[in-house]
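Down below is the structure, laid out as structure tokens.
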Amino acid sequence: MTINHNGSVLQGCPRRGFVTIATGKTHYYKIAKNLLDSYRLNAGEKYPFAIICDRENQYTAAFDKVVLLDNPTHSYMDKLRLFDCLPWDETIFIDADCLCYGDIDRWWELFEQNGSDFSVFGHAYEDLDTDIGWFQTAGMGEFREQIHFVPSFSGGVYYLTKTEDCKKVFDIAKYAAAHYRDYPFAIFRDPADEPVIALGMAVANCRPTDCSDVGLYTYRRFTHADILAPQAEWQYQGQWRPILLIHWGNFGTMKAFYLFECAKMHRKAAGKPEKGLGWFLLYRCKLLYVLLHICDLITLGKRIKRRIMKKLRELRR
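Under my numbering, the first residue of the sequence shown is numbered 2, with each subsequent residue one higher.
Right, here's the structure in full:
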């Protein structure tokens with residue numbers, strides 16, 4: 002099913018489902034399809050999964066619903082239009098550069114227990130004078146007296162509902178993005194979805210959800226994962242803790258570890274047997290993983306070149 006987005010909230014849709022966003026380069030569509038495949042491989046009930054995008058292609062055809070976005074920014078700021086494009090009554094958004102390593106359907110219960118109409122996996126600092134989180138309360142101008150807490154989170158997963166409180170989060174986020182330099186947001190010099198959505202959450206009193214051992218983790222070198230097990234762990238204070246989702250980051254989706262995980266996943270989805278000398282060498286002995294490290298060098302070289310060119314452009318100004 003394809004929907005041309007016109008700014009109205011969809012009616013008569015299934016109650017719950019997942020959604021991701023892919024706009025611009027074909028690479029983003031490919032990794033969105035990898036996310037979908039990883040969900041269907043490891044999910045229990047298998048809720049419907051939609052994609053918000055700027056065109057239809059071979060990758061969008063695999064999704065249960067396609068929502069076409071007009072005038073996209075081709076950046077993470079497209080996430081500020083999530084509420085306008087909600088495909089379900091309750092929606093869990095997942096960044097396209099993620100892979101599932103277990104049954105994330107259990108997240109519905111976590112968000113339901115939280116009770117907020119919008120939520121993320123993270124922490125709420127009740128001390129409004131803290132310097133931890135996405136903003137400093139003292140500099141938030143007209144919003145200062147309305148802030149209930151200071152959120153800290155990674156924006157790889159958002160829980161949304163078709164409610165006024167959820168809409169309020171995004172209305173404030175859009176306003177803050179348009180006036181970004183007027184407020185002391187952390188980390189990002191230019192507008193980003195996480196700081197402005199954090200402000201919307203703090204004013205609308207939509208609290209983060211504790212994900213404990215069933216949440217997500219941004220990929221670092223202290224990570225173990227095997228999508229066929231399925232199992233993923235990250236090291237915290239000397240102990241390995243299980244996680245259900247790895248947020249690889251766009252750069253991470255071009256590296257050997259991610260490509261190896263996807264190759265294994267697609268092999269299993271195609272029904273190919275886990276036996277034979279080829280399988281043993283390429284996957285069990287990780288020969289394919291070693292070979293894919295050549296891609297890491299190419300990717301690193303391209304990244305260094307982009308940074309050098311960006312710096313030269315800045316110097317010319």
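Every residue, glycine too, gets a C-beta built ideally from N, C-alpha and C.
### Query
Between the Cα of residue 52 and the Cα atoms of 186, 18 and 128, which residue gives the shortest distance?
Closest in C-alpha terms to residue 52, from the list 186, 18 and 128, comes 18.
### Message
If the criterion is Cβ atoms closer than 8 Å, does the pair residue 194 and residue 78 meet it?
### Response
With respect to residue 78, residue 194 sits close: the two C-beta atoms are nearer than 8 Å.
### Query
Can you name, in chain order, every residue of its own chain whose Cβ lies under 8 Å from the Cβ of residue 303, other than the five neighbours on each side?
For residue 303, there are no CB contacts under 8 Å within the same chain when 5 residues up- and downstream are skipped.
### Task
Return the chain-ordered ranges of every beta strand (DSSP E) run that is complete within the segment 45-124 and spans a minimum of 3 residues.
The qualifying runs are 50-54, 66-69, 91-95 and 99-101.
### Buried or exposed (CB count within 10 angstroms, at least 16 for buried), residue 131
Counting Cβ neighbours within 10 Å, residue 131 comes out exposed, since fewer than 16 surround it.
### Query
With 16 as the cutoff for other CB atoms within 10 Å, does residue 291 come out buried or exposed?
Exposed, because fewer than 16 other Cβ atoms sit within 10 Å of the Cβ of residue 291.
#### Entry: residue 18, enclosing beta strand (DSSP E) - first and last residue
Following the DSSP letters along the chain, one finds residue 18 inside the beta strand (DSSP E) bounded by residues 17-23.
### Task
Quick one: grab the DSSP three-state call for residue 294.
In the structure shown, the three-state DSSP call for residue 294 is helix.
#### Entry: Start-to-end residues for the beta strand (DSSP E) that takes in residue 166
Element bounds for residue 166: not the beta strand (DSSP E) but the alpha helix (DSSP H), 165-179.
#### Entry: DSSP-derived helix/strand/coil call for residue 317
Helix, per DSSP.
### Message
List, from N- to C-terminal side, the alpha helix (DSSP H) runs of 4 residues or more that fit wholly inside the segment 241-271.
### Response
Fully enclosed alpha helix (DSSP H) runs of no fewer than 4 residues occupy 250-253 and 257-270 of the segment 241-271, in order along the chain.
### Query
Excluding five sequence neighbours on each side, which residues of the same chain lie with their C-beta closer than 8 Å to the C-beta of residue 4?
With a pLDDT of 43 at residue 4, under the threshold of 50, the modelled position of this residue cannot be trusted; read the value that follows with caution. Spatial neighbours of residue 4 in its own chain (CB-CB distance under 8 Å, excluding positions within 5 residues in sequence) are listed in chain order as 11, 66, 67, 68, 69 and 88.
### Message
Can you look up residue 284 in the DSSP assignment and give me helix, strand or coil?
### Response
Under the three-state reduction of DSSP output, residue 284 falls in the helix class.
#### Entry: C-alpha gap between residue 293 and residue 256, whole angstroms
When rounded, the distance between both Cα atoms is 8 Å.
### Message
So, at 7 Å on beta carbons, what are the nonlocal neighbours of residue 41 in its own chain, with the 5 sequence-adjacent residues on each side left out?
### Response
Answer for residue 41: 47, listed in chain order.
#### Entry: Element boundaries [beta strand (DSSP E), containing residue 211]
Premise fails: residue 211 is in no beta strand (DSSP E) and is neither H nor E.
### Straight-line gap, residue 99 to residue 311 (C-alpha atoms, nearest Å)
Cα to Cα, residue 99 sits roughly 27 Å from residue 311.
### Task
Would you give the residue range spanned by the beta strand (DSSP E) that residue 233 belongs to?
Per DSSP, residue 233 belongs to the beta strand (DSSP E) from 232-237.
### Message
Quick check on residue 225: does DSSP put it in helix, strand or coil?
### Response
If DSSP states are grouped into helix, strand and coil, residue 225 belongs with the strands.
### Message
Just to confirm my understanding: we take residue 103, look at its own chain, exclude 5 residues before and 5 after, and list those with CB closer than 6 Å. What are they?
### Response
Take residue 103, set aside five residues on each side of it, and the residues of its chain with a beta-carbon closer than 6 Å to its own are 43, 231 and 245, in chain order.
### Query
Of all the options 95, 287 and 33, which has the alpha carbon lying nearest to the alpha carbon of residue 58?
Per the C-alpha coordinates, the member of 95, 287 and 33 positioned closest to residue 58 is 33.
### Message
Once DSSP output is grouped into helix, strand and coil, what is the label at residue 186?
### Response
Residue 186 falls in the strand class under three-state DSSP.
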